[in-house]
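Take my numbering: the last position of the sequence shown gets the number 160, and nothing is skipped along the way.
Cβ atoms here follow ideal geometry from the backbone N, Cα and C, with glycine treated the same way.
Note that the structure is a prediction, hence the values are computed from the model and not measured.
The next block holds one structure in the form of structure tokens; read it before the comments.
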Amino acid sequence: MTIFEGSFDQISGGNKFFRPIEAKTVTRRENRIARHERIRKKVEGTPERPRMCVFRSSKHIYVQVIDDSKMHTLASASTMQKPVSEELDYSCGPTIEVAKKVGETIAKTCLEKGITKVAFDRGGYPYHGRIEHSQRLP
Numbered sequence: 023m024t025i026f027e028g029s030f031d032q033i034s035g036g037n038k039f040f041r042p043i044e045a046k047t048v049t050r051r052e053n054r055i056a057r058h059e060r061i062r063k064k065v066e067g068t069p070e071r072p073r074m075c076v077f078r079s080s081k082h083i084y085v086q087v088i089d090d091s092k093m094h095t096l097a098s099a100s101t102m103q104k105p106v107s108e109e110l111d112y113s114c115g116p117t118i119e120v121a122k123k124v125g126e127t128i129a130k131t132c133l134e135k136g137i138t139k140v141a142f143d144r145g146g147y148p149y150h151g152r153i154e155h156s157q158r159l160p
């Protein structure tokens, strides 16, 4: 979107001066990435309390438990895994019920590996809906 500033000098026949000013356009995705970068400065996964990171796309939801000190993924779950995708019919994308199932799957995997506490990294998304229910444990 361009806004023109200045005036057209029609009377004197002089320069027709205008200066285009480009409006700053920032997408919702760019805003989310900026929020995620700010959060990542504060949230860090340790061996005692790894970071649980959530990514939401239009078709799937992904959850990982990460130890940032070793740069190692300890557990992961997503709607693309067969145990989750076979139990649920998500023809219209990841709903809250699908997010709950992914949360239950990651909770079982973490408990099997002895992980009881995590630091939640919402990935720049608002904490409601699918993000909230993917984090809640049964």
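Whole-number beta carbon distance between residue j and residue i, since they are thought to touch under 8 angstroms
| i | j | result |
| --- | --- | --- |
| Lys-123 | Glu-108 | Lys-123 to Glu-108, Cβ: 11 angstroms. No contact. |
| Thr-101 | Pro-116 | 6 angstroms |
| Gly-145 | Cys-75 | 6 angstroms |
| Gln-157 | Gly-125 | 6 angstroms |
Beta-carbon spacing of residue i, residue j below 8 angstroms
| i | j | result |
| --- | --- | --- |
| Val-85 | Ser-98 | yes |
| Ser-155 | Ala-121 | The sequence shown places His at residue 155, rather than the Ser named in the question. It is a contact, given that the beta carbons lie within the stated cut-off. |
| Pro-72 | Ile-61 | no |
According to DSSP, residues forming a beta bridge with residue i
| i | result |
| --- | --- |
| Arg-73 | Ile-88 and Ala-141 |
| His-94 | Asp-89 |
| Ile-83 | Arg-78 |
| Ala-99 | Val-85 |
Through-space distance from residue j to residue i, alpha-carbon basis
| i | j | result |
| --- | --- | --- |
| Met-4 | Arg-54 | The requested residue 4 is not part of the displayed model; the chain covers only 23 to 160. |
| Glu-59 | Tyr-147 | 12 angstroms |
| Ile-153 | Ile-118 | 8 angstroms |
| Arg-50 | Ser-80 | 14 angstroms |
| Lys-46 | Arg-57 | 18 angstroms |
| Glu-52 | Gly-151 | 21 angstroms |
**Q.** Stretch pair the region 130 to 145 + the region 53 to 68: three plus CB contacts closer than 8 angstroms
**A.** yes
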